[in-house]
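Novice:
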Amino acid sequence: MTSLPQQRGDKRLGLVIDLDVCVGCHACAVNCKEWNAGGVAAPLTDLDPYGKDPHGVWFNRVHTFEAGTGASGRTVHFPRSCLHCEEPACVTVCPTGASYKRAEDGIVLVNEDLCIGCKLCSWACPYGAREYDDDAGVMKKCTLCIDRIYNENLRAEERVPACVATCPTSARSFGDLGDPQSAVSTLVRERGGYDLMPEMEYRPTNKYLPPRPRRDAADAGAAASAAPPLEPVSGAGGLLGFIDRLLSD
Amino acid sequence: MFDDPPVATDAPVADEVKHTTCYMCACRCGIAVHLRDGQVRYIEGNRSHPVNRGVLCAKGSAGIMQHYSPARLRKPLRRVGPRGSGEFREISWDEALDTATQWLGALRASDPKKLAFFTGRDQSQALTGWWATQFGTLNYAAHGGFCSVNMAAGGLYTVGGSFWEFGEPDWDHTRYFMLFGVAEDHDSNPIKIGLGALKRRGAKVVSVNPIRTGYSAIADEWIGIRPGTDGLFVLSLAQELLRAGKIDADFLARYTNAGWLVIQDEGAPDDGLFARRDGAPLVYDRKRGTPVSALDPEAAPALTGDCTLPDGRRAVPAFSLIAARCLDPAYAPEAVAAQTGIAAAMIRRIAAELAHAAFDSPVVIEEPWTDWTGRRHDRMVGRAVSMHAMRGISAHSNGFHTCRALHLLQALLGAIDTPGAFRYEPPYPKPVPPAIKPAGPAAANAPLKGPPLGFPQGPQDLLVDAAGEPLRIDKAFSWEAPLAAHGMLHTVIANAHRGDPYPIDTLFLYMANMSWNSAMNTAETMRMLADRDPQTGGYRIPHIIYSDAYYSEMVAYADLVLPDTTYLERHDCISLLDRPISSADHAADAIRQPVVMPDRDVRPFQDVLIDLGARLRLPGFVNDDGTPKYPGLFPDYMVNHERKPGVGMLAGWRGADGTESGVGAVNPAQLNRYIENGCFWQSEVPRAARYFKPWNAAYLDWAVRMGFLDKAEPIILQLYSETLQSFRLAARGHGAVPVPQRHRARVETFFDPLPFWYAPFGETDAAGGFELHAITQRPMAMYHSWGSQNAWLRQIHGENRLYIGRSTAARHGIADGDWVTVTSAHGAITVQAKLMDGVNADTVWTWNAIGKRTGAWNLAEDAGESRRGFLLNHLIRDLLPPREDGHRYANADPVTGQAAWYDLRVRIEKAAGRHRHSEPAFAAVASPPLPQRPAVLRYGAAFRPGKPS
Amino acid sequence: MHPALSVIVFTTLSGAGYGLLGWLGVYAAAGLLPPDRPFAIAAMLLALGAVTAGLLSSTLHLGHPERAWRALSQWRSSWLSREGVASLVTYLPALAFGAAWILDDGTGAPARISGVLATLCAVLTVVCTAYIYRSLKPVPRWCNAWVVPNYLALAAMTGALLLALLADGFAQPLPATHVLAAAAIVIALMGKLGYWRFIDSARLASTPESATGLGGLGAVRLFEAPHTSDNYLMKEMGFRIARKHARKLRILAVVLGFVLPFVLIATAGIAGGVIAAAASLLAVASALIGILTERWLFFAEAQHTVTLYYGRRLGMEN
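Protein chains in written order, with my numbering: chain F, 1 to 249; chain L, 1001 to 1949; chain P, 2001 to 2318.
Below, the structure is given as structure tokens:
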């Protein structure tokens, strides 16, 4: 059913990506790849894997951008994956009902049995969240690890998406963005989390946290250094006398 | 309740979960391997593992493809074509081992040093080094000489520990963390975990690195320093702190040798050594007004002033020499600004920030402790400044002294093993330096008298002959590289080829891609490996045995190939005798266990080595009756081998009942205990012992009980290095060990007892128009060359570009995507450029080891790695230019022999003509029998859960 | 966007087929259809043949064409589904019309009523097809008010050319076919030129800064892509054409797609007879090549916002 669900639960599950601590290590992308290689969308086919043009299906991709130039320029590492939007056109354009948004928790999924591989949903996604499996002839995408987050075979603390569990800097958080008191909602509030391409009006559920300002002299706004400048010592005996006096007992 | 289609949310993940340790880099994370029908379904970080606590990087997460790679060797191979052709036939293990036994046995019986046994990025030095000892060849080392020995030696000769994975910042308490030359290197995941925590907690992170990616991207401040000038920056910071009196004088007086009296008697044979009485160094006691032993618990050392010794000679506390060095006008911020690319004002500001973080609000931990003098302290008070440094410092010919300068800076701040600062990880700290001396050559059929690697404490410990010429094939521990604590693997092939200092017979390498990305002067190295002696017609290096898991570039140059397992198919030992996984608060070690069985005819290299040891009847590998001592091979050795009574490879669950830690009798069930615990063991450092470890009575006692230290004696930090001075004195003609004339000036210069900065040796090229620095960084998603055979990782880094700063590129008329020719004094390459902003203006760089040789790694002939990928190695010479006397030193640090990769200087220009491929392109190498590459990979299809009903 | 041949052929052929069908319905409603059975058969074959060939071509584009029938289910939300339904529904009045015309004489009530319905359905189908593109916000060069009218105008134009060819080929005295075609060409050309002017000068809200949210730090540039070889996204949506090449192709499209057919159809209108047939044939051939080129450009010049993550800025080509 590709109309958006009329009756919704309260849950809006999604991710919060902290660009302030992402070091661009690709852990999330590769761990996602290996989890999903054997998960509900298995396999994540790789074509020409050892050849000239290796390309496979991934649900998470890590870019690196530079913003600004000169002393205030920044490098920002940037993971990109499905944002499980509130108004996902990728769902409504689907002609067969393969693409759908769950009423219970807002997760956007592909029912591969219904997919005819027209690729229109991937065109409808501004963010490139969907990657077509050329070998299987169907579209695949981030499942928000739906086969982990409810999985009673995993311990409670393991029921988070693979990308969240694996991130070494804890740049990724998972939770209910429909609950204003949740940890993720609080993070978004406190750090000024934002939507990507808000002008598209897809109302993404996932939020990104901006890099914190630099703490160097080049960063005009911030109090660059609370450290008082060093003054050369003076007094009897000069430097060495001063150091002698520093010694206690 | 909701009308959503059913989804399999509850599918079982695995039939069984086995724990082991990752192998992709040097941080050794714990992993849980989920298996289904004997296949690997999923690999994740082990949540209870102390190193990674459940996280896992891209490399570890790609383990499935690392394991199921079509590049895996599958059977022992014997060369049939000319060396380097890649033409092999498959042979049985019996034949392989018989051959190896025959070659090695003959050498052992005639001239064992003709075996050069060197290992690459494995971490089994405790076994391989011991094997070399028992065999009787001093020509052994692992790869540290071309990796990061400068950090290890710089640390071990100064503070008794090192950055690397032997120390870590006080992640919980530090407020100011500086990284120098760190990209992705050793301790990777703990650093990532730590950085995330520091940023969230508001600690300031400063990254000093010519390139602004990764850790440098998220740093609160990035300092894009010119490569090789970090020593200038560090000493300038030290000068600023000294000028302002912002130093921890008590720390220096109590815990370092800053107060030790240095003899000032120019021309005397002990000039510059410590004044001693009955062997103990002296300090000038401020209270008693007289020199006393530095080890006197009541001593109150002065840091300044002149002193007259009982013999009438003058002596000064080392600190006054340290101060004079740091206050040298050459290290003033204005003086270093141009060279480093860091403005004087910025240097001053950073110094002020260091002082502020260290002194204005000390970190206090309410934990009483007692120091070695018996003095009780009510609390632990520390300096919230921590540092980490790695390859960007190490891979320069001035890296050793730069590393010592860093440790000096830390000591001035009182920021070594105090709360908030750098912390040692057990079994460190150790005495400065560790009391292991490298052993000289053995007679035939006899073991070495000691380990082949060690820490010379003076010229008497060098491995040189009566004429002062090197005894080792790599010239480590000679006057060319006296403190080459990790050997010099990068010189072996060229030296063996030249027969300098002597020819060898067999080169036995393990996991070291010496004919490709681990080589300098790659083209020549490949030629040398296959070069014949015109007189005899035989190869100059008669026999090459190589062990690897994959068809790397080096395999083609072997005569005999011993195929290794992957990391999921074997046991391994991450030992306290080697490079353990301890943290500051826990001693820890770990194992690997096989989680899948090999599906091809391969054997773990450690098993093979032990098997060979038994076949060769090496002492320690056979019982008195000649039967193998470890018939169970490596797992048998891991449990049953004792290096000293009660001290074995693994410290956990020792004793017959498995209740002892550190020291204890062999426990036959030890491996099971590890496996039950997730393949690791840890033991808490007692709370009162966690800081001030080198001087903390509780720590010293604990360390002795655990077998880390022989005696509970304090370890006084050696800021002023008497060891270095003793070499300098020899160069002046003093002492019993003569220095060959041609080395004297160099030793005089570089064996300065105090850190100093000198221009890296590549600087001489700058005069020839090679103005830019060319360096590499490790990518986070690959490690060394071990990623291109991985179907997933090679999609991320399937080729590489030369990164150039925009303004630099504009000056050269180079646009993004242009082909450029990069020329050094040694050679030229033509590669594709990519422009960026966040890079030092005088630096170009690329990702390390992406470029591959056509035909290797079972990749298609037109794979990006060989068509557009490239190595900077082709530009790097392995020997420095000849001096007037014709002598050529290795392109290395003059103290440790560390390969000076990042000294490279180049010029760039837009390439003439049309280009589509990187140059040079080397002839494709043929492939031994390997599985066919699949055109489509559908890994995991079998695991897909069925639809729920 | 990657110009997939199957989709280009689909929209061009089916557009022409629906255009022809639409005009036939109009002529039927006006009672102007000749009761000429061969002509009727040829016309219906041409119209429905083009439509069917186009629709079949589009299924080649699918990963699972055997499930294509499922595409009829989501007409409540999906323009592609609506187009599928509309295209199938169109067969009903079209076949009824064709039967009425072929079996009867095309002037009776069944032919006129079914003809009108066929026209309406044809228009509806073309509109649905156009809305598939027009509704895609991530492709600003498709998501604007020019696209639907242009699809209709081009369908009308190519359909009118086919009608003129049929009339001239069968020497049927269908009134005003050349004038109709000429007018349709002019309108379609104006629409196309207006579209190109619009997309060349459009100011776009979506930028690398809005895509990443990092604009506060300065202008955003890609440093490193997530992969060193192209992935599906870049193969499918990363296609780009340099402005100077696009310019040449636009000129080609204008000349072959509009100018030459106009001249030829005017010639046919004046000359009559065999010359007219030849000229109409050439006009159709030229227009087909030209419109295939136009359609190819419609895809090639379309930029997708995902490329903002891969170092592109929308609207700019070198």
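Where is the CB? At the ideal position from N, CA and C, for every residue including glycine. Just so we're clear, the structure is a prediction, and the values are computed from it rather than from any experiment.
1. With 7 angstroms set as the bound, which would you pick, yes or no: does the beta-carbon of Gly221(F) sit closer than that to a beta-carbon of chain P?
2. Whose Cβ in chain F lies nearer than 8 angstroms to the Cβ of Asn2144(P)?
3. Please identify, using Cβ separations under 7 angstroms, the residues of the region 1789–1809 of chain L that lie next to chain P, in order along the chain.
4. With a cut-off of 8 angstroms, do at least 3 Cβ pairs link the region 1432–1443 of chain L to the region 1207–1221 of chain L?
5. Is Glu199(F) close to chain P, meaning its C-beta is less than 7 angstroms from at least one C-beta of that chain?
6. Less than 7 angstroms between the beta carbons of Tyr1551(L) and Ala1071(L), yes or no?
7. Cβ closer than 9 angstroms: which chain P residues qualify as neighbours of Gly235(F)?
8. Using a Cβ-Cβ distance under 7 angstroms, would Tyr2131(P) count as near chain F?
9. Is the CB of Ser2073(P) under 7 angstroms away from at least one CB in chain L?
10. Would DSSP call Lys1852(L) helix, strand or coil?
11. Using the DSSP secondary-structure output, state which residues sit across from Tyr1969(L) in a beta bridge.
12. Let me make sure I understand the geometry here. Which of Met1151(L), Leu1408(L), Arg1089(L), Phe1146(L) has the alpha-carbon closest to that of Ile1247(L)?
13. Please go through the same chain and pick out, in chain order, the residues whose beta-carbon is closer than 8 angstroms to the beta-carbon of Arg1379(L), but skip the five residues on each side of it.
14. Can you confirm whether Cys145(F), when its beta carbon is compared against all beta carbons of chain L, has any partner nearer than 7 angstroms?
15. Taking the straight line between their C-alpha atoms, what separation do you get for Thr166(F) and Arg1801(L)?
16. Which residues does DSSP pair with Met1836(L) in a beta bridge?
17. Sorted by chain position, which residues of the same chain lie with C-beta nearer than 8 angstroms to Lys2248(P)'s C-beta, five sequence neighbours on each side aside?
18. Which residues in the same chain have their Cβ closer than 8 angstroms to the Cβ of Ile2275(P), if we skip the five residues on either side of it in sequence?
19. Determine the contact status of Pro79(F) and Gln1795(L), defining contact as a CB-CB distance below 7 angstroms.
20. Between which two residues does the alpha helix (DSSP H) carrying Asp1765(L) extend?
21. Excluding sequence positions up to five away, which residues of its chain have a Cβ less than 7 angstroms from the Cβ of Pro211(F)?
22. Excluding the five sequence neighbours on either side, which residues of its own chain have a C-beta within less than 8 angstroms of the C-beta of Leu2013(P), listed in chain order?
23. According to DSSP, is His2002(P) part of a helix, a strand, or is it coil?
24. Using a Cβ cut-off of 7 angstroms, pull out every chain P residue sitting near Gly1864(L), in sequence order please.
25. Between the region 116–132 of chain F and chain P, which residues of the former have a C-beta closer than 8 angstroms to a C-beta of the latter?
26. Using a Cβ cut-off of 9 angstroms, pull out every chain L residue sitting near Cys167(F), in sequence order please.
27. What is the DSSP secondary structure of Pro1789(L), reduced to helix, strand or coil?
28. Using 10 angstroms around the beta-carbon of Lys1449(L), count the other beta-carbons present and answer buried if the total reaches 16, otherwise exposed.
29. Determine the contact status of Leu1115(L) and Thr1536(L), defining contact as a CB-CB distance below 7 angstroms.
30. So Gly2084(P) contacts chain F; which residues on that side make the cut at Cβ distance below 7 angstroms?
31. Does Gln6(F) come within less than 7 angstroms of chain P when only Cβ atoms are used?
32. What separation, rounded to the nearest whole angstrom, lies between the Cα atoms of Leu240(F) and Ala1197(L)?
33. Buried or exposed for Asp250(F), please, with buried defined as at least 16 other CB atoms from any protein chain shown within 10 angstroms of its CB.
34. Would you list, in sequence order, the uninterrupted beta strand (DSSP E) runs of no fewer than 3 residues that lie entirely inside the region 124–152 of chain F?
35. Closest to Ala2225(P) by C-alpha separation, out of Thr2307(P), Ala2068(P), Ser2206(P), would be which residue?
36. Around the Cβ of Thr980(L), are there at least 16 other Cβ atoms within 10 angstroms (buried) or fewer (exposed)?
Specialist: Judging by the given coordinates:
1. Here Gly221(F) scores only 43 on pLDDT, less than 50, and its place in the model should not be relied on; the value that follows carries that caveat. So, not an interface residue.
2. Result: empty, since nearest Cβ-Cβ is about 15 angstroms, beyond 8 angstroms.
3. Gln1795, Ile1796, His1797, Gly1798, Glu1799
4. no
5. yes
6. Yes, the Cβ-Cβ distance between Tyr1551(L) and Ala1071(L) is below 7 angstroms.
7. By Cβ distance, chain P contributes nothing, its closest Cβ being about 46 angstroms from Gly235(F), past 9 angstroms.
8. no
9. Taking Cβ atoms only, chain L never reaches closer than 7 angstroms to Ser2073(P), which makes this a no.
10. Coil at Lys1852(L), not helix or strand.
11. A query on residue 1969(L) cannot be resolved here, the shown segment of chain L reaching from 1001 to 1949 and no further.
12. In terms of CA proximity to Ile1247(L), Leu1408(L) leads the group Met1151(L), Leu1408(L), Arg1089(L), Phe1146(L).
13. Val1364, Ile1365, Glu1366, Glu1367, Pro1368
14. no
15. Their Cα atoms are separated by approximately 29 angstroms.
16. According to the DSSP secondary-structure assignment, Met1836(L) is paired through a beta bridge with Gly1805(L).
17. none
18. Thr2267, Ala2268
19. no
20. 1763–1767
21. Leu19, Asp20, Arg74, Val76
22. Ala2050, Val2051, Ala2053, Gly2054, Ser2057.
23. coil
24. Thr2228, Ser2229
25. Of all residues in the region 116–132 of chain F, those with a C-beta nearer than 8 angstroms to a C-beta of chain P are Ile116, Gly117, Cys118, Lys119, Leu120, Ser122, Trp123, Ala124, Cys125, Pro126, Tyr127, Gly128, Glu131, Tyr132, reading in chain order.
26. Contacts between Cys167(F) and chain L, judged by CB atoms closer than 9 angstroms, involve Val1055, Lys1192, Gly1196 in chain order.
27. Residue 1789(L) is actually Gln in this sequence, not Pro. Three-state result, Gln1789(L): coil.
28. exposed
29. no
30. Those within 7 angstroms of Gly2084(P) in chain F are Pro95.
31. no
32. 40 angstroms
33. The question about residue 250(F) has no answer, for chain F in this structure spans 1 to 249.
34. 131–133, 138–140
35. Thr2307(P)
36. Residue 980(L) is absent from the structure shown; chain L starts at 1001 and stops at 1949.
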